[in-house]
Amino acid sequence: MGQYNLNRIFKPRHVAVVGAGEKTGTIGNALMRNLIDGGFPGTLLPVNPKYKTIHGHASVGSVSALETGVDLAIIATPIHSVVDIVRECVEKKVGGAIVISAGGKEVGEQGREIEERIREIAYAGGLRIVGPNCLGIIRPGVNLNASFASEMPVTGNLAFVSQSGAICTSILDLALKERIGFSHFVSIGSMVDVDFGDIIDYLGNDSSAKSILLYIESLTNFRKFMSAARSVSRVKPIIVLKSGRSPDGAKAAASHTGAMAGEDAVYDAAFKRAGVVRVDTIEELFDCAELMAKQPRPSGPRLAILTNGGGPGVMAADTLARYGQKPAPLDPETMQALDAFLPPFWSRGNPIDILGDASAERFCSALEVCFNSKNLDGVLVILAPQALTDPLPVAESLAAAMKERRYPVIACWMGGKSIGKAVEILNEAGIPTYDTPERAVRAFLYMVEHARNVEMLLEIPPKMARDLVFDPEKARKLLSGAPAGEFMSESDSRELLLAYGLPVIRTEIAKTGTLASSIGREMGYPLVMKIHSPDIPHKTDAGGVRLDLRCDADVCEAYNQIISSARKYKPDARMEGVTIQPYFSNPDFEILMGGKRDPSFGPVILFGMGGIFTEVLKDRALALPPMNRLLARRLMQETKAYSLLQGYRNRPAADMERLEEMIVRLSQLLIDFPEIAELDMNPVLIKDGNPVAVDARILVSPIEVPSSLHLVIGPYPEEEESHMVGVDGRRIFIRPVKPEDAPLFTALFKVLSPTTIYHRFFGPLKELNPEMLARFTQIDYDREIALVALDEDMDEDSETGSMLGVARIIGDPDGKTGEFAVLVGDAWQGKGIGSSLLEKCLSIAEKRGFKTVHGIVLNENRNMLALGKKLGFEAKRDAGDNRLVIHFGGSNPPC
2 MGQYNLNRIF KPRHVAVVGA GEKTGTIGNA LMRNLIDGGF PGTLLPVNPK YKTIHGHASV
62 GSVSALETGV DLAIIATPIH SVVDIVRECV EKKVGGAIVI SAGGKEVGEQ GREIEERIRE
122 IAYAGGLRIV GPNCLGIIRP GVNLNASFAS EMPVTGNLAF VSQSGAICTS ILDLALKERI
182 GFSHFVSIGS MVDVDFGDII DYLGNDSSAK SILLYIESLT NFRKFMSAAR SVSRVKPIIV
242 LKSGRSPDGA KAAASHTGAM AGEDAVYDAA FKRAGVVRVD TIEELFDCAE LMAKQPRPSG
302 PRLAILTNGG GPGVMAADTL ARYGQKPAPL DPETMQALDA FLPPFWSRGN PIDILGDASA
362 ERFCSALEVC FNSKNLDGVL VILAPQALTD PLPVAESLAA AMKERRYPVI ACWMGGKSIG
422 KAVEILNEAG IPTYDTPERA VRAFLYMVEH ARNVEMLLEI PPKMARDLVF DPEKARKLLS
482 GAPAGEFMSE SDSRELLLAY GLPVIRTEIA KTGTLASSIG REMGYPLVMK IHSPDIPHKT
542 DAGGVRLDLR CDADVCEAYN QIISSARKYK PDARMEGVTI QPYFSNPDFE ILMGGKRDPS
602 FGPVILFGMG GIFTEVLKDR ALALPPMNRL LARRLMQETK AYSLLQGYRN RPAADMERLE
662 EMIVRLSQLL IDFPEIAELD MNPVLIKDGN PVAVDARILV SPIEVPSSLH LVIGPYPEEE
722 ESHMVGVDGR RIFIRPVKPE DAPLFTALFK VLSPTTIYHR FFGPLKELNP EMLARFTQID
782 YDREIALVAL DEDMDEDSET GSMLGVARII GDPDGKTGEF AVLVGDAWQG KGIGSSLLEK
842 CLSIAEKRGF KTVHGIVLNE NRNMLALGKK LGFEAKRDAG DNRLVIHFGG SNPPC
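With the first letter of the sequence shown counted as 1, position 291 gets the number 292 in the working numbering; the numbers rise by one all the way through.
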């Protein structure tokens, strides 16, 4: 069994409960009772903790279960006995285990050592483990309650995963009250093996789970989590409540960037990059759970507010405004339809106030009008108890109106005792209910955020206007000479940035006043002078900056004042003179750009307002490398500074493409050199549109992880680029697919014959839609190998493009198996391009540790069958097609 396969945990045929003591404890009994109630054959296995081994069986279900192939063992014994039980599970080839036992790393070093031994034994034997210190798992759809929770929730399409058992029991209690259904309910515990990345991958491939809700206290394998979340969030909403919002991560920061890139802000950036929606409170988590479980996702933010009271409608509108939205304007057709039956004094706008005497019929008629409008994405129905409005008939009418209708409708029934029965009816009808307009609107907007995330994930980034050239060798020499744990000298920092094409202002160093005057005359006035000291990070605080120096006398006076002020500010600071730069009078804008190495997520890029107001205004946004133009633009758009950079009053707009290029260049620098702990470019001055860094600080500290492995998102694998000459003498460049390649794919598709399209896509296809283009070009380099062949003699912008063919191997999350696909333009078939592409893909797959690669080929696709035979694939004929399989190293495919 592959390390990824969790089917025998979530789809077991036979379950064994391993209890504690000579007589099974109460948890073991509860577990067994829950299994029996669900109809699962199981065995109760008491364990004597004195001997730490399984020694007897109770005849509940089949006897000697471990000898007859248990799929799932549920272990509820003292933690010290779990090591031996796990070892025996491996020996008996048990499929998976849930360890309920507490007392692991949460209690200290001894517990941590026990968990490590459990992990080593399980990994070596291919045994997947959920827990320890967990509640267990529940799958209502198959009546599996492998937990010690006493009640089974109803079947639904929401998957819930939590580290906290207390949160699990709270959600379960809410689910029973609000009739929230689940496909999976998982208490993941301490994650000795199965972690959030594993679960997300599994749920992403399970059709019964339509939405995923996570309660996270900490992550383990950050790169696996990001890979799984980025993949699954494209097709299913993932909502996260991450606890532990703390500023502690920024305490030891030595620069502006470090101080502003605290731990929780980095989680925010990571979730955004992965397309995950983050909520702030348990209440919002509950609210999202109810909405996701009961209603379809809205396609946009256009919300109609239907209410029988003006005040609640205003509260809903205010909440929309707080999040940058407003009630959807009503089109003339909708207004006319509402005028036909509403009293003349209705609000004639949105919120749609149908007045305090609204009957159930009036509510339903207004709702029907909203259903028929093409300019609305959802409806919030608010009912406030009033003398002439009975909540119960309105609820019954609303439930009847929603039968067999898939449309986002949420209800806010305000009040207490008088609305209890009405709320029950709404819950049973699958309509989410909230007690305040604010909660209802927030839940709706979180779903809108998911829709926006998916839309952004499908965007194609534009290409750079020019090729980006870097000098990594020069950068490597500069960094190797930098003192560990200290800031690089200002001159070396400047040279490092120049090596990666970042615009830096001319800077000269003067160690005496005389030399400063000489440099000033040569450079030309006006000038800026700053203290040059590795021990004074914030120069302005030390009185170490003088601006607009216009003559020799100004320079001499400024030199003496700066040195004197700096010595008073920090007497023990190393004084290395001053730096002198040209003075930019009245720059249009000042921004900050930088990077920080986060201990969990690796390098983080920061962009925001610069200059002396950086830490006061805290207008900044974070992002994770690697970056492209689209991601760089999104990063800037998250700040208030972005609107200013578009041009303000008499100030010209900044060159946004140059700023995007700077962010991409900075990203590449942080990718190539893990030893950069912090990097500040503050300020970056923008004058007449052009940005230039006038001050830079770079902190270097050693790190054991090599380049690319320090990232949580796999970067473009430049090492897989190669060149070849085709059989017709054509020079061909083979490289990994880039997100900017969408136009090339479109151009290639236009020259394909219907037969070639049918062989590749197993059916007719007229065009590659945006979703397909995003899927083909936005590659997770950790789990997918995708290569293109480009004609080096053909212009990429020509009508037919320069792409000759493409091949890919899509890896399963376990990294052991994958599926291949090959496509070559008709004009270039039979010239060795397809075989070269697939052969290189297979070579990369083998190098990464793949065991098996397979692909489906139609019987009539003789060229592909011949290519498979040439490359060593084994053909397994199936109805209507062939399955080509290749095993690396003569190994058998994993089960």
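C-beta atoms are modelled at their ideal positions from N, C-alpha and C, and glycine is treated no differently. Here the structure is a predicted model, which is why all the values come from computation and not from measurement.
Under DSSP, Trp-414 takes part in a beta bridge, and its partners are Leu-384. The three-state secondary structure of Val-18, taken from DSSP, is strand. In this structure, Arg-736 lies away from Pro-692, with their beta-carbon atoms at least 8 Å apart. Here Asn-561 is exposed, its C-beta having fewer than 16 other C-beta atoms within 10 Å. Under the criterion of beta carbons closer than 8 Å, Ala-430 and Ala-400 qualify as touching, at roughly 4 Å. As a beta-bridge residue in DSSP terms, Ser-212 pairs with Leu-159. The C-beta distance from Ile-75 to Val-18 rounds to 5 Å, short enough to meet the 8 Å contact threshold. For Pro-313, the three-state secondary structure derived from DSSP is helix. With a cutoff of 8 Å on beta-carbon distance, Pro-438 and Gln-296 are scored as not near each other. If you check the CB distance, Leu-618 and Ala-624 do not come in under 8 Å.
Residue pairing for Met-33: DSSP places it in no beta bridge. Contact between Met-637 and Ile-606 does not hold, since the beta-carbon distance rounds to 11 Å and is not under 8 Å. With a threshold of 16 other beta carbon atoms within 10 Å, Phe-763 falls short and is exposed. The region 5-15 and the region 101-110 do not touch, with fewer than three beta-carbon pairs separated by less than 8 Å.
In the DSSP annotation of this structure, the continuous segment of the alpha helix (DSSP H) that includes Pro-333 starts and ends at 333-340. For Asp-288, the enclosing alpha helix (DSSP H) covers residues 283-295. The region 90-98 and the region 119-128 touch, with three or more beta-carbon pairs separated by less than 8 Å. With 16 or more other CB atoms across the displayed protein chains lying within 10 angstroms of its CB, Asp-742 is buried.
By the neighbour-count definition (other C-beta atoms within 10 Å, threshold 16), Ala-294 is a buried residue.
Taking 8 Å as the cut-off, the Cβ atoms of Arg-630 and Val-665 count as close. Put simply, of Val-84, His-451, Ile-687 and Pro-684 the residue whose alpha carbon is nearest the alpha carbon of Val-233 is His-451.
Taking a 10 Å sphere around the C-beta of Asp-549, we find fewer than 16 other C-beta atoms and assign the residue as exposed. Here Asp-794 is exposed. Its C-beta has fewer than 16 other C-beta atoms within 10 Å. Leaving aside the five residues that flank Lys-571 on each side, the residues in its chain whose CB is nearer than 7 Å to its CB run, in chain order, Asp-536, Ile-537 and Ala-543. Every unbroken stretch of the alpha helix (DSSP H) spanning 4 or more residues and falling wholly within the region 491-540 is given here in chain order: 491-500 and 514-524. Cβ-Cβ separation between Val-825 and Gly-816: approximately 27 Å, too far for a contact (criterion under 8 Å).
By the Cβ criterion, the region 410-424 is in contact with the region 380-390, since at least three pairs of Cβ atoms, one from each stretch, lie closer than 8 Å. Counting C-beta atoms within 10 angstroms of its own C-beta, Pro-765 has fewer than 16 neighbours from the protein chains shown and is therefore classed as exposed. Every alpha helix (DSSP H) stretch that sits fully inside the region 96-161 and reaches 4 residues is listed by chain position as 110-126.
Contact annotation: the region 350-357 touches the region 294-313, with at least three C-beta pairs closer than 8 Å. For the 8 Å CB-CB criterion, Thr-640 and Met-610 form a contact. Assigned with DSSP and collapsed to three states, Ala-74 falls in strand. A direct Cα-Cα distance of roughly 23 Å separates Gly-806 from Ala-876. Glu-474 has its alpha-carbon roughly 35 Å from the corresponding atom of Asp-573. In the structure shown, the three-state DSSP call for Tyr-408 is coil. Per DSSP, Ala-694 is one residue of the beta strand (DSSP E) stretching across 691-694.
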